[in-house]
Amino acid sequence: MNKKHIALFSAAMMFSTSVFCQNWYIDGGAGFVNFDDGVDEISPTNLYLRGGYRFNPYFSIGLESSVTVSPDQLPSVPDVDLSVSAVTFFLRGGVPVGESVLIYGQIGRTNTELTAEYQGLEISEDDNDTSLGFGAEIDIGNSPAYVALNYTLYNNNDGVDVTGLNIGVGARF
Numbered sequence: 018m019n020k021k022h023i024a025l026f027s028a029a030m031m032f033s034t035s036v037f038c039q040n041w042y043i044d045g046g047a048g049f050v051n052f053d054d055g056v057d058e059i060s061p062t063n064l065y066l067r068g069g070y071r072f073n074p075y076f077s078i079g080l081e082s083s084v085t086v087s088p089d090q091l092p093s094v095p096d097v098d099l100s101v102s103a104v105t106f107f108l109r110g111g112v113p114v115g116e117s118v119l120i121y122g123q124i125g126r127t128n129t130e131l132t133a134e135y136q137g138l139e140i141s142e143d144d145n146d147t148s149l150g151f152g153a154e155i156d157i158g159n160s161p162a163y164v165a166l167n168y169t170l171y172n173n174n175d176g177v178d179v180t181g182l183n184i185g186v187g188a189r190f
């Protein structure tokens with residue numbers, strides 16, 4: 018094999034690897050969660066982390082985790098810290114809008130957990146439900162970075178609604 022073939026082979030491998038790697042994505046940021054059981058409502062502040070694989074510009078899969086960093090309290094029980102966490106596996110269908118915006122809808126399966134803590138004692142209750150959401154990824158210049166916006170109904174089961182508005186930044190690999 019001569020130097021020309023090695024250079025062409027190296028360029029082809031580098032190009033194919035970069036295309037493959039651009040299919041992975043990860044983003045994270047602030048999550049504003051709302052838990053409403055019809056009687057009481059809490060709104061803890063969460064951090065979320067989401068990652069996945071993009072099969073093409075229109076279809077991807079992913080996993081998201083959202084955990085409370087600032088619990089909320091009910092006015093009637095101010096000494097009890099309440100937090101909500103969620104883990105979601107999702108399928109996403111999207112449509113590029115122009116060259117720098119992707120809007121999408123997603124459906125998934127979410128496990129949500131409500132935790133009450135009082136003086137070191139914790140009580141938790143969890144539930145699984147189908148989740149629905151929509152969002153957008155807005156590219157930042159010509160880089161692989163983007164701004165991520167997402168609204169998801171994590172749980173709508175037995176009169177309990179758990180929703181989240183996530184705002185963050187991400188990158189494609």
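Count along the sequence shown from 1, add 17, and you get the number used in my numbering.
From the three backbone atoms N, C-alpha and C, an ideal C-beta is built for every residue, glycine too.
The structure presented is a predicted model; accordingly, all values stated were derived computationally and were not measured.
Kindly indicate which residue of the options has the alpha-carbon position closest to the one of residue i.
i	options	result
residue 107	95, 79 and 92	79
residue 85	181, 54 and 150	181
residue 115	97, 185, 133 and 156	156
residue 62	74, 56, 112 and 49	49
residue 152	57, 186, 54 and 103	186
residue 132	126, 125 and 142	142
residue 183	57, 75, 40 and 82	82
residue 66	47, 96 and 154	47
Just how far apart, CA to CA, sit residue i and residue j?
i	j	result
residue 15	residue 177	Outside the shown range of the chain (18 to 190) lies residue 15, about which nothing can therefore be said.
residue 130	residue 169	15 Å
residue 21	residue 72	Interpretation of residue 21 is limited by its pLDDT of 49, a score under 50 that renders its predicted location unreliable; the figure taken from the coordinates is listed afterwards. Their Cα atoms are separated by approximately 33 Å.
residue 123	residue 173	15 Å
residue 11	residue 164	The question about residue 11 has no answer here: the residues shown for the chain are numbered 18 through 190.
residue 42	residue 94	41 Å
residue 189	residue 68	10 Å
residue 45	residue 147	22 Å
residue 112	residue 175	33 Å
residue 161	residue 171	28 Å
residue 125	residue 136	35 Å
residue 98	residue 145	22 Å
Specify the secondary structure class of residue i as computed by DSSP and reduced to three states.
i	result
residue 157	coil
residue 118	strand
residue 186	strand
residue 84	strand
residue 181	strand
residue 40	coil
residue 56	coil
residue 75	coil
residue 137	coil
residue 45	strand
residue 110	strand
residue 95	strand
Is the distance from the Cβ of residue i to the Cβ of residue j below 7 Å?
i	j	result
residue 109	residue 60	no
residue 167	residue 150	yes
residue 75	residue 40	no
Touch test, the region 113-127 against the region 86-100, Cβ-Cβ under 8 Å, three pairs minimum: The count of Cβ pairs closer than 8 Å, one atom from the region 113-127 and one from the region 86-100, stays below three, leaving the stretches out of contact.
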